[in-house]
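Colleague:
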Amino acid sequence: MAFNLKGRSLLTLKTFSAEEIAFLLDLSRQVKRERRAGNRQQRFLGLTLALLFEKRSTRTRCAFETAFGEEGGHPVFLSSADIQLGAKESIEDTARVLGRMFDAIQFRGFSHDTVEKLAEYSGVPVYNGLTDRFHPTQALADLLTVEEVFGSLRGRKLVFVGDGRNNVAASLCIGSVKTGLDCTIVAPQQLQPAAELMSYCHDIAGQSGARLEVTADITAGVKGADVIYTDVWISMGEEEKQKERLDLLRSYQVDGAMMAKTGKDSTIFMHCLPAVKSNEVSFEVIESAASRVWDQAENRKHTIKALILATL
Ligand code: CP
Ligand code: NVA
4 MAFNLKGRSL
14 LTLKTFSAEE
24 IAFLLDLSRQ
34 VKRERRAGNR
44 QQRFLGLTLA
54 LLFEKRSTRT
64 RCAFETAFGE
74 EGGHPVFLSS
84 ADIQLGAKES
94 IEDTARVLGR
104 MFDAIQFRGF
114 SHDTVEKLAE
124 YSGVPVYNGL
134 TDRFHPTQAL
144 ADLLTVEEVF
154 GSLRGRKLVF
164 VGDGRNNVAA
174 SLCIGSVKTG
184 LDCTIVAPQQ
194 LQPAAELMSY
204 CHDIAGQSGA
214 RLEVTADITA
224 GVKGADVIYT
234 DVWISMGEEE
244 KQKERLDLLR
254 SYQVDGAMMA
264 KTGKDSTIFM
274 HCLPAVKSNE
284 VSFEVIESAA
294 SRVWDQAENR
304 KHTIKALILA
314 TL
């Protein structure tokens, strides 16, 4: 079923319904098939996209630039070193100027308030390419990857292990409960998701039938997992927390022994990347046949193209 998402921003998956997410995943599969078949289109011809980056990026930047550029669009990369965003010029003023020149804006940075202000003041669709709180375009690629491997999301069990408070865990949790994918967060108490987010996710899970669980117990948490997912222990902007995080998370490394605890030999390993091998994941697991990290990375591009196609 087609949905009209024209003009919509994606700041968090909270504002997208399960049906709208399913529609975006369908469209992602379509654009992926086209790309694989060498069917080149020019659906963004004459359109412009501002790519605002306060933090570094490989996948997100390249996914937006290639998805938009190969269809005839003109992406413009603007790092904090290039523009005045929040420095000499307010976010509101920057948003109003960019909205007069660009058809859409992508923002990656620190404060989630910034991406909200960009959406409020620019008058064009704004895509959140990661803030301290959420990483919704990552979650879209992750859901597509799980669906490709298992055929469907409903009834499968995804376990996120590690820093359960971070942006990737938050978006994955929202995306999972919306789509009926069971979600378990395995993290030490100090790094478990905020109560407010969990209460939101519990409400959604109640409607979709997804199971949602948070635990510090690795053995109980990973049992029966179809997917074990992890992310870096120290996110961008948290560098001073290095020692504290290593102390808290050392026993939460995804290694062969943890993969075996699922009790399934079909369990896959996922990571949004970049990975710090031998911190959150062992070299052995990320390089194993169970690892789907490169498919996930590729799917960033297809899901981002689908998102732009649907909203522009
Ligand atoms: N997964 C992800 O967002 O990667 P980048 O930081 O390279 O964009
Ligand atoms: N949680 C990580 C994700 C990187 C894609 C970070 O924010 O640095």
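Going by this note's numbering, the letters in the sequence shown line up with residues 4 to 315, in that order. By construction, the Cβ of each residue, glycine as well, lies at the ideal position given by its N, Cα and C atoms.
(1) Could you say which of 51, 47, 107 lies nearest to residue 12 if we only look at CA atoms?
(2) Does the Cβ of residue 170 lie closer than 7 Å to at least one heavy atom of the ligand NVA?
(3) Drop a sphere of 10 angstroms on the beta-carbon of residue 158, count the other beta-carbons inside from all chains shown, and report buried for 16 or more, exposed for fewer.
(4) So what does DSSP say about residue 290, is it helix, strand or coil?
(5) Here's the rule I'm using: 16 or more other beta-carbon atoms within 10 Å means buried, otherwise exposed. How should residue 63 be labelled?
(6) Nearest by alpha-carbon distance to residue 314: which of 32, 46, 37, 36 is it?
(7) Using the Cα positions of residue 261 and residue 288, report the straight-line distance between them to the nearest angstrom.
(8) Output the residue ranges of the alpha helix (DSSP H) runs that lie fully inside the stretch 104-128 and measure 4 residues or longer, sorted by chain position.
(9) Tell me, please, whether the stretch 275-294 touches the stretch 37-52 by the rule of three or more beta-carbon pairs shorter than 8 Å.
(10) Can you look up residue 83 in the DSSP assignment and give me helix, strand or coil?
(11) Just the Cα atoms here: how many angstroms apart are residue 57 and residue 131?
(12) Whole angstroms is fine: what's the gap from residue 306's alpha carbon to residue 148's?
Modeller: So, to answer that:
(1) Taking the sequence shown and counting its residues from 1, the one referred to as residue 12 is at position 9. Selected option, being the one with the closest Cα: 107.
(2) By 1-based counting over the sequence shown, the position of residue 170 is 167. Checking every heavy atom of the ligand NVA against the Cβ of residue 170, one is found closer than 7 Å.
(3) What you label residue 158 is simply residue 155 of the sequence shown in a count that begins at 1. With fewer than 16 Cβ atoms within 10 Å of its Cβ, residue 158 is classed as exposed.
(4) Taking the first residue of the sequence shown as position 1, residue 290 is located at position 287. DSSP places residue 290 in coil when its eight states are reduced to three.
(5) Working through the sequence shown from its first residue, we reach residue 63 at position 60. When all chains shown are included, residue 63 counts as buried.
(6) Translated into the one-based positions of the sequence shown, residue 314 becomes position 311. Among 32, 46, 37, 36, the Cα nearest to that of residue 314 belongs to 46.
(7) Position 258 of the sequence shown, counted from the first residue, corresponds to residue 261. Position 285 of the sequence shown, counted from the first residue, corresponds to residue 288. The alpha-carbon of residue 261 is positioned some 10 Å away from that of residue 288.
(8) 115-125
(9) no
(10) Mapped onto the sequence shown, residue 83 falls at position 80. Reduced to three states, the DSSP call for residue 83 is coil.
(11) Position 54 of the sequence shown holds residue 57. Position 128 of the sequence shown holds residue 131. If you take the alpha carbons of residue 57 and residue 131, they lie about 12 Å apart.
(12) By 1-based counting over the sequence shown, the position of residue 306 is 303. By 1-based counting over the sequence shown, the position of residue 148 is 145. Roughly 10 Å separates the two Cα atoms.
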